[in-house]
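Our numbering puts the first residue of the sequence shown at 884, with every later residue one more than the last. Glycine included, each C-beta is placed from N, C-alpha and C at the ideal position. Have a look at the structure below, then the notes.
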Amino acid sequence: MKQKIFFTLTLVLIATACRAQEVITNSPVEKTLYENNFEKAELEKVPSEFLVLDGGFAVKQDGTNKLFELPGAPLETFSVLFGPTVEADVAVSAKFRGTPKGRRFPTFAIGLNGVGGYKLQISPAKKALELTKGDEVVGTAPFEGKIGSWITLRLENRKVNESEWMIVGIIRLESLHDTNETHLIYTEKTKPVAGRASIWGSPYSGTPIQFDDLKVSSLETAK
């Protein structure tokens, strides 16, 4: 129902080799702050703790599974805020599924630190994974994945010291094959604004975008 086999590509944008090694070595300990797999949610409704900024989101039945869905029209960008208000040392993850239609593709993203914060977005039409801060693209990486199966996106904001934060992006594609990982890092020098996590969808292909397994966790570096 919810497969655990993934091809993993971790994206962390702009970093020195020394800093990347430090982040990989000092793996954070996670504590769940919020989690929703929609199994207990009411069909055709939006969970009461969600803040829908726009869009006809609703819980749907998919076989024996429940999920959260954005309809395939209108062809705009829509989003939902969820989880606690946090500033740093936090991670958000969710599963996304969208289908292409001809040469048209949906785009979707996961976010941290509120509406104007960071987003990790898959743009299949551009074959790119993009990290944005507000409306500014601050990093890109190639995306060669196949749209149509579940994709897991994860975004982390780790405080390094009083003047440095690491923004870490992760993409996992469901596959029965490879499990290689690549780590990259984006270094932020401006203190992040506290805000809630988010999911975003743009159904440019005219087909629904589905979301599942939303999770927000605090991060604490293991001693």
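- In the DSSP annotation of this structure, the continuous segment of the beta strand (DSSP E) that includes Arg-1055 starts and ends at 1047 to 1057.
- Taking 8 Å as the cut-off, the beta carbon of Asp-972 is found closer than this to the beta carbon of Leu-1102.
- Pro-1007 sits in a helix when the DSSP states are folded into three classes.
- Pro-1025 counts as exposed, since fewer than 16 other C-beta atoms from the protein chains shown sit within 10 angstroms of its C-beta.
- Around the beta carbon of Asn-1044, fewer than 16 other beta carbons sit within 10 angstroms, so the residue counts as exposed.
- With a cutoff of 8 Å on beta-carbon distance, Pro-989 and Gly-1084 are scored as near each other.
- Ile-1005 is the residue among Ile-1005, Pro-954, Glu-959 and Glu-970 whose C-alpha sits nearest the C-alpha of Lys-978.
- According to the DSSP secondary-structure assignment, Ile-993 is paired through a beta bridge with Leu-1003 and Ile-1082.
- Taking 8 Å as the cut-off, the beta carbon of Phe-965 is found no closer than this to the beta carbon of Ile-1092.
- Under the three-state reduction of DSSP output, Tyr-1069 falls in the strand class.
- Taking a 10 Å sphere around the C-beta of Glu-925, we find fewer than 16 other C-beta atoms and assign the residue as exposed.
- Taking the C-beta atoms as reference points, Gly-1000 is found nearer than 8 Å to Val-1076.
- Assigned with DSSP and collapsed to three states, Phe-933 falls in coil, not helix or strand.
- In this structure Ala-1011 is in contact with Thr-1023, their Cβ atoms being roughly 5 Å apart against a cut-off of 8 Å.
- In chain order, Phe-965 place their CB closer than 7 Å to the CB of Glu-932, counting only its own chain and leaving out the 5 sequence neighbours on each side.
- Annotated three-state conformation of Gly-946 is coil, per DSSP.
- Gly-1017 has its alpha-carbon roughly 24 Å from the corresponding atom of Arg-980.
- In this structure, DSSP gives Phe-979 an extended state, which the three-state scheme calls strand.
- Cβ contact annotation for Gly-938 (same chain, cutoff 6 Å, sequence separation greater than five): Leu-953 and Phe-961, in chain order.
- Taking all protein chains shown into account, Ser-1088 has 16 or more neighbouring C-beta atoms within 10 Å of its C-beta and is therefore buried.
- Annotation for Glu-922: no beta strand (DSSP E) segment contains it, and DSSP assigns it neither H nor E.
- Taken through DSSP and simplified to helix, strand or coil, Phe-951 comes out as strand.
- By the CB criterion at 8 Å, Tyr-1069 and Ile-1053 fall outside the cutoff.
- It is roughly 9 Å from the alpha-carbon of Lys-1042 to the alpha-carbon of Glu-1071.
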